[in-house]
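Visitor:
Residue numbers (this note's numbering): 16 to 200.
1. Quick check on residue 49: does DSSP put it in helix, strand or coil?
2. Can you pull the DSSP bridge partners for residue 25?
3. Under the three-state reduction of DSSP, which class applies to residue 122: helix, strand or coil?
4. Who are the Cβ neighbours of residue 161 in its own chain at under 7 Å, not counting the five residues just before and after it?
5. Roughly how many angstroms separate the alpha carbons of residue 207 and residue 108, rounded to a whole number?
6. For my contact list, residue 112 and residue 193 are in at a C-beta cut-off of 8 Å; report their separation, rounded to the angstrom.
7. Based on the DSSP secondary-structure assignment, which residues constitute the bridge partners of residue 152?
8. According to DSSP, is residue 89 part of a helix, a strand, or is it coil?
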């Protein structure tokens, strides 16, 4: 009898062989649920819905550092991106180089998500722009965010505003209410 494990992953070329069954572990029957990363991470952090799932690296570190020992992180990265390549700016925002991000209004789907942490780290360590020098606007509500699930509170000096429900990052960019965004797809 095979061990049954529930598994949640995003749909991409690296997870597709598991999803379609062309790659399967010996002695294990994987019950697969394909999910968008934001829902998957939230469900796993909030409810522990799956035996195995992809996880936001930054949220996993935050949860473990807060004493949550129910998770074991495995170094399997199903997304391979340089997240700083996903910083989008408005042409009229006065941003011609990374250093110009200081003093700007920046949208993020989720402040705690790994891609946003990575991008802020690159801006700080490569270009000298500290996260306290930008004003952030977060799209996800605390009740459905990684940060809400881990009890995240922005560090002192960091401003994170909630984007109103009636709008989103894209609309705010088009309206000139945001100058840039970290990871908006």
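The beta carbon of each residue, even a glycine, is placed where N, CA and C say it ideally should be.
Guide: According to the data block:
1. Position 34 of the chain shown holds residue 49. Strand, per DSSP.
2. Within the chain shown, numbered from 1, the residue matching residue 25 stands at position 10. Listed as beta-bridge partners of residue 25 by DSSP are no residues whatsoever.
3. Looking up residue 122 in the chain shown gives position 107. Looking at residue 122 - three-state DSSP - the assignment turns out to be strand.
4. Counted from its first residue, the chain shown places residue 161 at position 146. Closer than 7 Å at the Cβ level, and outside the excluded window around residue 161, lie 56, 57, 60, 71, 74, 125, 127 and 128.
5. Limits of the chain in this structure are 16 at one end and 200 at the other, which puts residue 207 out of reach.
6. Counting from one through the chain shown, the residue named residue 112 turns up at place 97. Counting from one through the chain shown, the residue named residue 193 turns up at place 178. Between residue 193 and residue 112 the Cβ distance is about 18 Å, and since that is not below 8 Å, they are no contact.
7. Position 137 of the chain shown, counted from the first residue, corresponds to residue 152. Answer is 122 and 176, bridged to residue 152.
8. As a working note, residue 89 is residue 74 in the chain shown. Reduced to three states, the DSSP call for residue 89 is coil.
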